[in-house]
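In what follows, a structure is listed as structure tokens, so that the remarks can point back to it.
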Amino acid sequence: MASFFSATKTAKPQSYPLARNVTLRTVLTILHDHALLARIFWPGEPASALLHDENTSPYHEGDTSTSLTIGPPSTSSKVLLTTLRDGAKCTEELPLGITITVTYTVTTRDGDDAEEKSTNSTDDTLTGIAKSGLDRVSLREERTVAAFRPVMPLVKCKDEVTVKTRNLLRVMEAVGKGEDVEVAVEGLGEGGLGGACDGASSADGDVGAEKCKAE
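Under this note's numbering, residues 3 to 217 are what the sequence shown spells out, in order.
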């Protein structure tokens, strides 16, 4: 969308320190597994619906990007999960021309991100950083909402924890306590963290007219 017809809102970047025994390698493994990430972001959706929908590109482990269609046809959103060297990006195209981009990166206590620490390095270097124990790992969230100008007044972009981030942190916390990641993800559905919001137009329920925050 050309800037003349569209506008953007950006939430303040947030950084969430993780438990000391949650390594950089663990976080990146979760963020780079699109099948797992989709289940964390949308725990109310069956895995089969997320990854094998007729409008969804086939998922293969190691893919750098995966296209998904979330929600019923009348209110569905198109999603693109993209692997970044130091994290992952989720881009959602919602009804009314609203696009939400959430970027998650792994940072360390000194503020450097994983990409800066591993420029021109191998996976072994990343593993060494994760095992060193010198830097506490944090999850950094950056969130932007773009929409046509007439729609933008109806969209809010609040500086508070979002459903996706809350789910991610919950999984990281469980893993940090020694829980299996699959068990942790299954627990999201049991805990009711799916994100339905009354009258919302977003697939995860965080965008709506004056009711919900933008995620």
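C-beta: ideal position from N, C-alpha, C; glycine also.
In this text the structure is predicted, and so the values were computed from the model without any measurement.
- Between the C-alpha atoms of R151 and V177 there is a straight-line separation of about 42 Å.
- Counting along the chain, the unbroken alpha helix (DSSP H) around E175 starts and ends at V165 to G178.
- R41: not part of any beta strand (DSSP E); member of the alpha helix (DSSP H) spanning H36 to F43, first to last residue.
- For K158, there is no enclosing beta strand (DSSP E), since its DSSP letter is neither H nor E.
- In this model, L141 and V157 are separated by some 25 Å (Cα to Cα).
- For E162, the closest alpha carbon among the candidates E143, E175 and A148 is that of E143.
- DSSP places T85 within a strand segment (E or B) once states are collapsed to three.
- When only Cα atoms are considered, T103 and G73 end up about 18 Å apart.
- In this chain, V24 is not harboured by any beta strand (DSSP E), its DSSP state being neither H nor E.
- Around the Cβ of N23, a 10 Å sphere holds fewer than 16 other Cβ atoms; the residue is exposed.
- In summary, L170 is buried, with 16 or more beta-carbon neighbours lying within 10 Å of its beta-carbon over all protein chains present.
- Less than 8 Å divides the Cβ of T109 from the Cβ of S17.
- The alpha-carbon separation between L70 and K11 amounts to approximately 24 Å.
- If you look at P97, you'll find it isn't in any beta strand (DSSP E); DSSP assigns it neither H nor E.
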